[in-house]
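Report on the following structure.
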Amino acid sequence: MTRLAVRSLVVLFLAVVSPFLVAAGGAKLNASSSSSPLYGIEFPPFNAGVADGGCDGKLMAQGVEEVTRSPSLKLHMTHRSAAEAAAAGRTRKESFLDSAGKDAARIHTMLRRVAGAGGGRAATNSTPRRALAERIVATVESGVAVGSGEYLVDLYVGTPPRRFQMIMDTGSDLNWLQCAPCLDCFEQRGPVFDPAASLSYRNVTCGDPRCGLVSPPTAPRACRRPQSDPCPYYYWYGDQSNTTGDLALEAFTVNLTAPGASRRVDDVVFGCGHSNRGLFHGAAGLLGLGRGALSFASQLRAVYGHAFSYCLVDHGSSIGSKIVFGDDDALLGHPRLNYTAFAPSAAAAAADTFYYVQLKDVLVGGEKLNISPSTWDVGKDGSGGTIIDSGTTLSYFAEPAYEVIRRAFVERMDKAYPLVADFPVLSPCYNVSGVERVEVPEFSLLFADGAVWDFPAENYFVRLDPDGIMCLAVLGTPRSAMSIIGNFQQQNFHVLYDLQNNRLGFAPRRCAEV
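In mature numbering (1 follows the signal peptide of the UniProt record, and there is no 0), the protein residues as written are -24 to -1, 1 to 490.
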């Protein structure tokens, strides 16, 4: 059947079952009613209120007025249960060792991108403008069941909408899906996205200013017809991880937690990847939440405001985590909400994707460790510094800081717990067989502006039952490399990215109850 015939059948189907369908091409955000599970109440325009400021990639709000914040909205996404992880035959030990290996590849990618050795990413965004300060809350699924340490979200893409599971990543900008025709793609769960089967799909043309926000392939096509030729992109993650395809516009729909309700955003810029390689663990693509202009978080700022946050349940939990676009009243009113300023990024363009914070000291057992202050500085070449990242599982500290931290735990740990020698990757590890509650030294991060982040023991020690072994869930990176606060250390904290005030917020919460 030809693609034209497929489109004709889809048009006929939608004409029958969805008479209130909003026409494609209009940049609108819609909330559904109980009678229409996908379309309904029309909200202020999404991309209609945002225009490109030129080839520098800065986006500006146009004609968007400040309005009173409406009641909060929660978007619902599925969570893969711990039972599925067990069914895959993976032990907790195997999962963490595998995550450490994938972390190493990811960190190598980050270092090369910051150093300017890698390819494209979107330019940074300007200060966000706020139009409708309501929030979207989506459930985030732990990726452990598919062999990764990342968190996965469900999105429905196209018209009619089709479900895809995407990796949530604060360390990159571009949103993308594997697309038909798939010339060179990795294995994913379910079919790839087919642009020909969607009424709302449109290519970004090579003459569109947004095409300047991505890098072209290594052998770029000439832009002979700026108003009609597609915009090819190439986005690089590492030696073997990349996506190549066409930049496009599409409708993204996300389930609300209210029964039968959903939220749709039209004209989201994303990459339709026809050639994709890398360790994406069965996901359909990636949802970028970095600081760049093309990230999902940046594109939603004109409607949902200057903030997004997430609250991650512990690894392996059968309860879903949440990601929130816009303000969360419960978080903002939390008595233990603490803030630290985002630090300036490195000179390298790729560093503008990452969320840097300025560490000053590390405390173990309540005592500041003897770590040189220069360890935490960002070099002019992009080296060093500390970022917070949702896509890295464990936390990593640059040498010599890591060795100082490791030694501090060894010295302060109760000698009743025997050290386990030669345990792979993680160190130190202890034999805690038969011990129900293990006492460990306290662990805290002190930031340059005085903020302190205190962690519960389960956020920096991992217990690997049934082996009866417990290990420090912190590793080292090479000297002058960046340090990373990973998602394991962020469990059961509501982490707020306040981009209007350029600060990171964090508060302890029972994330399963958010």
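We put the CB at the ideal spot given by N, CA and C, even for glycine.
- Under the rule that a run must span 3 or more residues, the beta strand (DSSP E) segments found entirely inside the segment 311 to 356 read 314 to 317, 331 to 333 and 335 to 340.
- Cβ contact annotation for Gly444 (same chain, cutoff 8 Å, sequence separation greater than five): Asn407, Val408, Ser409 and Gly410, in chain order.
- Restricted to the segment 354 to 430, the alpha helix (DSSP H) segments that are unbroken, complete and at least 4 residues in length are 377 to 388, listed in chain order.
- Inter-residue distance for Val396 and Val380 is about 19 Å (C-alpha atoms, whole angstroms).
- Distance from Thr146 to Gly266 at the Cβ level is roughly 6 Å; contact confirmed, criterion being Cβ atoms closer than 8 Å.
- Beta-bridge partners of Cys447 (DSSP): Cys405 and Val438.
- Taking a 10 Å sphere around the C-beta of Asp441, we find fewer than 16 other C-beta atoms and assign the residue as exposed.
- Per the DSSP secondary-structure output, Tyr132 pairs in a beta bridge with Arg139 and Thr229.
- In this structure, Asp222 lies away from Asn252, with their beta-carbon atoms at least 8 Å apart.
- Assignment of Pro193 by DSSP, reduced to helix, strand and coil, places it in the coil class.
- Annotated three-state conformation of Ser204 is coil, per DSSP.
- DSSP, read as helix, strand or coil, puts Asp222 in strand.
- An exposed status is given to Arg486, since fewer than 16 other beta-carbon atoms sit within 10 Å of its beta-carbon.
- In the three-state reduction of the DSSP assignment, Cys182 falls in the coil class, being assigned neither a helical nor a strand state.
- Per DSSP, Ser285 lies in no alpha helix (DSSP H); the unbroken beta strand (DSSP E) holding it starts and ends at Ala283 to Cys287.
- For the pair of segments examined, the segment 459 to 467 was found not to touch the segment 307 to 320: the number of CB pairs separated by less than 8 Å stays below three.
- Sequence-distant partners of Ala156 (beyond 5 residues in either direction) whose C-beta falls short of 6 Å from its own C-beta, in its chain, are Val168 and Asp170.
- When the beta-carbon positions are compared, Leu270 and Asp149 come within less than 8 Å of each other.
- Contact between the segment 443 to 457 and the segment 367 to 382 is present: 3 or more CB-CB pairs across the two stretches fall below 8 Å.
- In this structure Ser293 is in contact with Ala488, their Cβ atoms being roughly 7 Å apart against a cut-off of 8 Å.
- In this structure, Ala283 and Gln476 form a Cβ contact; the two beta carbons are roughly 7 Å apart against a cut-off of 8 Å.
- For Asp160, the closest alpha carbon among the candidates Pro185, Asn478 and Cys248 is that of Cys248.
- Just so you know, the alpha carbons of Gly134 and Glu343 end up roughly 54 Å apart.
- By the beta-carbon neighbour count (other beta carbons within 10 angstroms, threshold 16), Gly281 is buried.
- Contact annotation, Ile364 with Tyr331: C-beta distance approximately 5 Å; criterion of less than 8 Å satisfied.
- Residues of the same chain with a CB within less than 7 Å of the CB of Asn478, apart from the 5 flanking positions on each side, are Ala317 and Phe318 in chain order.
- Counting only the Cα atoms, Asp184 lies some 54 Å from Pro404.
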